[in-house]
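Participant: Dropping the structure in here first, questions after.
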Amino acid sequence: MVFTPDPSDLTRLPAADLAQLLTDRAVSSTELTRAHLEAITARDGAVHAYLHRNEQQALAEAAAVDAARAAGQDLPPLAGIPVAVKDVACTIGQPTTAGSRILQGWLPPYDATVVTRLRAARMPILGKTNMDE
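In this note's numbering, the protein residues as written are -18 to 114.
Here it is as structure tokens:
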């Protein structure tokens, strides 16, 4: 079976399509980030996929990408596409538990390499996703 995404649902499009929409300015990173945050809000109550949401910072990061794009700055290819980070990856300013209750409330003093690279790619981080210990 071939998956055909609904073009009106920004949360279901492949990253390459989203990158093209952003480059063409058919959608802004802020709109894209809001769409993902709204989908998380609508679905996560039943799924519990997110341990921590980073809504305000994700929207601020998206707005910064939009401003940079409007100013004509060169941006990385996936800039503005929101992502989630597994709770095992240390993320400054966000609780990181690796699925363990013993680490509840721990705020790491550094970003994991993957998070550093996502930030360098200018990808807004929506939050931390759940996992087992």
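In this text, a Cβ means the ideal position worked out from N, Cα and C, and glycines have one as well.
1) What did DSSP end up calling H29 once you bin it into helix, strand or coil?
2) Threshold first: 4 residues or longer. Then list the alpha helix (DSSP H) segments lying entirely within the segment 63 to 114, N to C.
3) Given A0, which residues of its chain have a CB within under 7 Å of its CB, disregarding the five upstream and five downstream residues?
4) Check whether the segment 86 to 105 touches the segment 62 to 77, taking contact to mean three or more Cβ pairs, one atom from each stretch, closer than 8 Å.
5) Please classify P(-5): is it buried, with 16 or more other beta-carbons within 10 angstroms of its beta-carbon, or exposed?
6) Compute the Euclidean distance between the alpha carbons of A44 and D(-10), then round it to the nearest angstrom.
7) Determine the extent of the alpha helix (DSSP H) in which V46 is found, giving its start and end residues.
8) If you measure between the beta carbons of H17 and N111, is that distance less than 8 Å?
9) From Q38 to Y31, what does the alpha carbon distance come to, in whole angstroms?
Facilitator: The relevant details are as follows:
1) coil
2) 94 to 101
3) P58, L59 and I62
4) yes
5) exposed
6) 20 Å
7) E36 to A51
8) no
9) 16 Å
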